[in-house]
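>
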Amino acid sequence: MFTVFNYFILAVLFSLIPEGRGNCRNLKFTNFHKSDYRLENHTVRTIEVADEGLCMLQCYLEPNCVSYNFCKIKQASGKHKCDLNSATIEHDEDLVKYESCIYRQAENACAKNSCKNNATCQAGFTDRDYQCLCALGSGFEGHNCDKDIDECTNGTHKCDMNADCHNTPGSYKCTCKDGFQGNGTDCTQRFNTAVFTNLGKSDSQGPDSVGSHYTGQDHNGQVTVSSGIQLWNVPHTGEYRIEAVGASGGYGQNSVINGGRGARMIGNFMLTKDEIISILVGQKGIRGGVNKNTGGGGGGSFVVRGNNIPLIIAGGGGGIKNMSEQHPGCDASINTTGNAGSNSPLGSGGSNGHGGNANGQSPGGGGGGFYGNGQGASSGSGRGGKGYLQGGRGGHARGGFGGGGGFRSGNRGAGGGGGYSGGNGAADEQFSCGGGGGSFNNGTNQQNECCLNSNKHGRVIITFLQ
Ligand SMILES: *[C@@H]1O[C@H](CO)[C@@H](O)[C@H](O)[C@H]1NC(C)=O
Ligand SMILES: *[C@@H]1O[C@H](CO)[C@@H](O)[C@H](O)[C@H]1NC(C)=O
Ligand SMILES: *[C@@H]1O[C@H](CO)[C@@H](O)[C@H](O)[C@H]1NC(C)=O
Ligand SMILES: *[C@@H]1O[C@H](CO)[C@@H](O)[C@H](O)[C@H]1NC(C)=O
Ligand SMILES: *[C@@H]1O[C@H](CO)[C@@H](O)[C@H](O)[C@H]1NC(C)=O
Ligand SMILES: *[C@@H]1O[C@H](CO)[C@@H](O)[C@H](O)[C@H]1NC(C)=O
Ligand SMILES: *[C@@H]1O[C@H](CO)[C@@H](O)[C@H](O)[C@H]1NC(C)=O
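Counting with mature numbering (1 follows the signal peptide of the UniProt record, and there is no 0), you get residues -22 to -1, 1 to 444 for the letters of the sequence shown.
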């Protein structure tokens, strides 16, 4: 009976098996069989056949098949069920009693399980009587799939060009090279710290472009300018320490002191790689060419996330007309309310993100806030500074970019400073100043101080912590 099968099958095999894998199958069925049993849980495929000989033939043709159950129960088609199995009875517990079935198996070189690393073993192939199909992406090759593929020398790794590749068994690791930062498949130049400046621009309008101002610095190539505001593409996800310093106000030539001083606000913030942070660096208020005895307010410095969410804002100082000593009202405030200045009628400047006021005799313009413009003359000079959301332009005349209020010509009132809320414009008094702008800080580890920046433009310093 068995020799008949074998002859029949060999004859058919030679005509049927294509030379696909370059090796023929030599599966040897043994005399071992179990009547009224079937092997469960290892069936690759169940087919219907006319007789047991065809069940065995199909087992030859199925590369993963090493045994079968042939069940002599007539199906609707008039044929019989044939389970092609990928295991032999090394799994004894799976051989279960089942009437009318017969279990038969071939010599199974895969029972020894020589294929490693999740490879599929197929019995009856090659002169070892089995072959291993290495698992896709396992990182191993060779007859038994136990030979590590060196992806690093192989060129099949996915490390960034600025990463080092380290081979590991079955895989590899990528680490960014010195001076670069990232997860290994994506490495960008490491960002440590960068100073955002006024980009060489002064007076009421912001810069037009970065030019070569940041060449050779950590933020080189990460900044574009839109309407005077610098758009910074965050290089790494992580915590950053951000320091914003407001610009100082302008001062008349007869003034013994410089203009009101800007605030310095520092805090830590979590930023996400590729998010855009908008940075407006405040510019100094300036005295007039003809109106030399008064000055415009200084601009605030603003650091703002995505959809106009303020992170940190440092107020600018007020313009000074003719003062012989410092007065706190001329400097920026570290709270959100702007200052009233000195010798002006009103008690406080703008609050809650609004612009500063302008009252009294021939006043300078109020400083702009985050949300709104400073008050001021509707024509000529003494105009309010624009709010951040309104573009931040300094008021005419000579309010600094960042919402500095303009002075009133004829050597009259000085302008208020821009900031989270604007400082008031000064009334036309002999000794007077516009109020400094208010500030805002939504970071952790805050360090805030007023009166830092004397006779300077603002700046923003950003340091990557980790
Ligand atoms: C084996 O198959 C039987 C029935 O076909 C099933 O009840 C049992 O849960 C299976 N065992 C495993 C380990 O899959
Ligand atoms: C084999 O496959 C299992 C399950 O998919 C997986 O957990 C294991 O890591 C794999 N082993 C190897 C060496 O690839
Ligand atoms: C490189 O990988 C390919 C498969 O992606 C493999 O065929 C080849 O043998 C490997 N070479 C080395 C040197 O590991
Ligand atoms: C590596 O980081 C890049 C960019 O952040 C990301 O797109 C990629 O999915 C990351 N890859 C891994 C393996 O984490
Ligand atoms: C400026 O103030 C000084 C006193 O500090 C005064 O002598 C001078 O006249 C003032 N100048 C103007 C233009 O108001
Ligand atoms: C805000 O700071 C100013 C000084 O810049 C101070 O005069 C004022 O009282 C403060 N306001 C609040 C609400 O703390
Ligand atoms: C401050 O930041 C927190 C998130 O960190 C946010 O929920 C909150 O609205 C912010 N506050 C203001 C006033 O923007």
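Where a beta carbon is used, it is the ideal one built from N, C-alpha and C, also for glycine.
Keep in mind that this is a model prediction, so the values were computed, not measured.
DSSP has Y46 in a bridge; who is on the other side?
L62 and R82, per the DSSP bridge assignment.
> So, are the CB atoms of M301 and I244 less than 8 Å apart?
No. Outside cutoff.
> Within the continuous alpha helix (DSSP H) that includes Q36, where are the two ends?
Its alpha helix (DSSP H) spans residues E30 to L39.
> Once the 5 residues before and after G178 are set aside, which same chain residues still bring their CB inside 8 Å of it?
Excluding positions up to five away in sequence, the list reads P185, G189 and H191.
> Rounded to the nearest angstrom, what separates R361 and G333 at their Cα positions?
Answer to the nearest angstrom: the Cα atoms are 12 Å apart.
> Answer yes or no: does any C-beta atom of chain C fall closer than 8 Å to that of Y366?
Checking the listed chains, one finds no chain C in this structure; it contains a single protein chain.
> Do G307 and G294 have their C-beta atoms closer together than 8 Å?
It is not a contact, given that the beta carbons lie outside the stated cut-off.
> Cα separation between A375 and G383?
Approximately 8 Å between the Cα atoms of the pair.
> Look up Q195 in the DSSP assignment and say whether it is helix, strand or coil.
Here Q195 sits in coil by DSSP.
> Classify L367 as helix, strand or coil using the three-state DSSP reduction.
Note: L367 maps to helix in three-state DSSP.
> Could you check which residue in C60, L258 and S399 has the C-alpha nearest to that of N176?
Taking only the C-alpha atoms, the option nearest N176 is L258.
> Checking the sheet assignment: what are the DSSP bridge partners for Q100?
Answer is Q109.
> State the DSSP-derived secondary structure class of D142, mapped to helix, strand or coil.
D142: strand per DSSP, three-state reduction.
> Buried or exposed: which applies to K434, given that a residue is buried once 16 or more other Cβ atoms fall within 10 Å of its Cβ?
Buried.
> So what's D72 in DSSP terms, helix, strand or just coil?
DSSP places D72 in helix when its eight states are reduced to three.
> Answer yes or no: the CB of G148 versus the heavy atoms of ligand 2, is any distance below 7 Å?
Yes, Cβ of G148 sits closer than 7 Å to a heavy atom of ligand 2.
> Please work out which residues of its chain come closer than 7 Å, Cβ to Cβ, to Y46, disregarding the five sequence neighbours upstream and downstream, and give them in chain order.
Same-chain partners within the cutoff: C33, M34, C37, C60, D61, L62, N63 and R82.
> Taking 7 Å as the cut-off, is the C-beta of S311 nearer than that to any heavy atom in ligand 6?
Answer for S311: yes, Cβ within range of ligand 6.
> What is the DSSP secondary structure of A89, counted as helix, strand or coil?
A89: helix per DSSP, three-state reduction.
> Express the C-alpha separation of E77 and C130 in angstroms, rounding to a whole number.
Using only the alpha carbons, I get a separation of about 57 Å.
> Output the residue ranges of the beta strand (DSSP E) runs that lie fully inside the segment 219 to 270 and measure 3 residues or longer, sorted by chain position.
The qualifying runs are 240 to 249 and 254 to 258.
> Count Cβ pairs between the segment 409 to 426 and the segment 152 to 164 that sit closer than 8 Å; are there 3 or more?
Taking 8 Å as the limit for Cβ pairs, the verdict is that the segment 152 to 164 does not touch the segment 409 to 426.
> Look at the alpha carbon of A89 and the alpha carbon of F442, and state the distance between them as a whole number of angstroms.
So the two alpha carbons sit approximately 58 Å from each other.
> Which value, in whole angstroms, describes the spacing of the CA atoms of N389 and A405?
Cα-Cα distance, rounded: 11 Å.
> Please report the Cβ distance between N213 and T166, rounded to the nearest whole angstrom; I am assuming they are in contact, meaning their Cβ atoms lie under 8 Å.
One detail in the question is off: residue 213 reads as Pro in this sequence, not Asn. 5 Å between Cβ atoms; contact.
> Among Y349, G393, G378 and G296, whose alpha-carbon lies nearest the alpha-carbon of P341?
Out of Y349, G393, G378 and G296, G393 has the C-alpha closest to the C-alpha of P341.
> For R265 versus G278, is the C-beta spacing smaller than 8 Å?
No, they are not a contact pair.
> What residues does ligand 4 have around it, judged by CB closer than 7 Å to any heavy atom, in chain order?
This criterion selects G160, N161, T163, D164 and K251.
> Using the three-state DSSP reduction, which class does P341 fall into: helix, strand or coil?
The answer is coil: DSSP assigns P341 none of H, G, I, E or B.
> Closer than 7 Å is what we want: which residues have a beta carbon that near any heavy atom of ligand 7? List them in chain order.
Output, sorted by chain position: I287, P288 and N420.
> Let's test the definition: count the other Cβ atoms within 10 Å of the Cβ of T202 and tell me whether it reaches 16, buried, or not, exposed.
Classification of T202: exposed, given that the 10 Å Cβ count is below 16.
> If you count every other CB in all the chains shown that lies within 10 Å of the CB of G267, and 16 or more means buried, which is it?
Counting Cβ neighbours within 10 Å, G267 comes out exposed, since fewer than 16 surround it.
> How many whole angstroms separate the CB atoms of G328 and G347, which I take to be in contact at a CB cut-off of 8 Å?
The Cβ separation is near 5 Å, so the contact holds.
> DSSP three-state label for E129, please.
Three-state result, E129: helix.
> Excluding the 5 residues flanking S387 on each side, which residues of the same chain have their C-beta closer than 8 Å to its C-beta?
Once the five neighbours on either side are set aside, the close Cβ partners of S387 are G266, V268, N269, G358, S359, G360 and A375.
> May I ask which residues mark the beginning and end of the beta strand (DSSP E) holding S322?
Element bounds for S322: n/a, residue is neither H nor E.
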